[in-house]
Structure formats: C-alpha cells, structure tokens
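Numbering (our numbering), first residue to last: 8 to 190.
Glycine residues also receive a C-beta, built at the ideal position from the N, C-alpha and C atoms.
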Ligand code: 5GP
Ligand code: MG
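Take a look at the structure:
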C-alpha cells in the first residue's frame, strides 16, 4: 500500500495497476465477442478516459474506429440551466454502433446526456464502456453494458482521473485516506 499527497490531501492505493489491466482485458474480451462484425466507433470522452481508452484499444482486436470528444458545460437560459454539449464529433454516426468510453459513471447525469445527444444524431446502437461504475450513486436507467470495475461511493483519483487537475498520471487508482487526512 502506498500513498500520495495531492493538494495537501492524502490518498492511498485502492486498485493496483495490475488489477486495472485485468479488468480492462475482461471488458475487451466481451467487446471482441459482442461487437464482432459491427465495426464499432469508440467515442472516448476526454479528459478522464484517455488511459482507459488507450489500454482498452490495445486489447480490442476487431475491426473498429476510435475518436475523441469532450462534454462542454455552459450556462443556458434560466429555464434550461446548465447545458452539456458534445464537442469534437466529426464522424457521420448515423446508423452505427457507438461505444462511449468513459472514466467513471457516478450519478449518470453525464452519460445520460451523451446518450441522448447520440440518439438524436441517429446512432443505431449505443453501448457504454466505463472503467469505473458507482452503482449506489447511479440515478439513471441508461444501461451500463461494460463496467470494468464496480466501486462504492468513494472519491478516487489516478489512471486518468484527477483531483482539481492533478493525479491523472498515476498508474494506480487511489482513494482519499480519511484516517490520515487531517484537513
Ligand atoms: P456523473 O455525471 O455520472 O455524476 O459524473 C461523471 C463525472 O464526474 C466523471 O466524468 C468525473 O469527471 C466526475 N467524477 C465522479 N466521481 C468521481 C471520482 O470519484 N473521482 C473523480 N476524480 N471524478 C469523479
Ligand atoms: Mg468522464
């Protein structure tokens, strides 16, 4: 067990790099079986999914494409509140099988929003592949087809995920160490 300090807070190892790789390989295996002959387009949602997307794609051995998008939040009118818009999508995705690649699904707000936008663009079949899934926080009905690792409602960092901009480069996944965190 090792620990790191980020912005003055102590985090301890929760999921090792080798456990992550094993879980990613399991997801790749399912995708290779389920989506063979579908020529899926993987859409990795930046920033958090970059490590997962890279490791997953190295293990996906079917014919496929990958592209990268961002979800940009901006203030709408007072009635619409915060609007989330998918940016960076240049492919014609009508009628295709699209796999959304996410770092983490928490409440599900983000993923539901992306799902709705892709549906509106005419995607035939949408699958979600997420590195981490917090089922106890999830409030939506969109099916989370491929969840590599299921976790409780802890705040985690590493392997692409950040704490206020830092920690994305960590190879393992860390959780806030409440006992040793005095702040
Ligand atoms: P949701 O929309 O599902 O509530 O949350 C999704 C987004 O919240 C993720 O893409 C991520 O940016 C952030 N998030 C949720 N839980 C965590 C966590 O435990 N650690 C980090 N670093 N980000 C999280
Ligand atoms: Mg994300």
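With respect to the 8 Å criterion, residue 164 and residue 181 are classified as neighbours on the basis of their beta carbons.
Its chain contains 179 as the residues whose beta carbon lies nearer than 7 Å to that of residue 23, once the 5 sequence neighbours on both sides are disregarded; these appear in chain order. In the structure shown, residue 37 adopts helical secondary structure according to DSSP, grouped into three states. The C-alpha of residue 39 is placed about 22 Å away from the C-alpha of residue 101.
Proximity of the region 133–142 to the region 106–121 meets the contact definition, three or more beta-carbon pairs being nearer than 8 Å.
Counting only the Cα atoms, residue 43 lies some 11 Å from residue 36.
Residue state for residue 117 is assigned as helix, using DSSP reduced to three classes.
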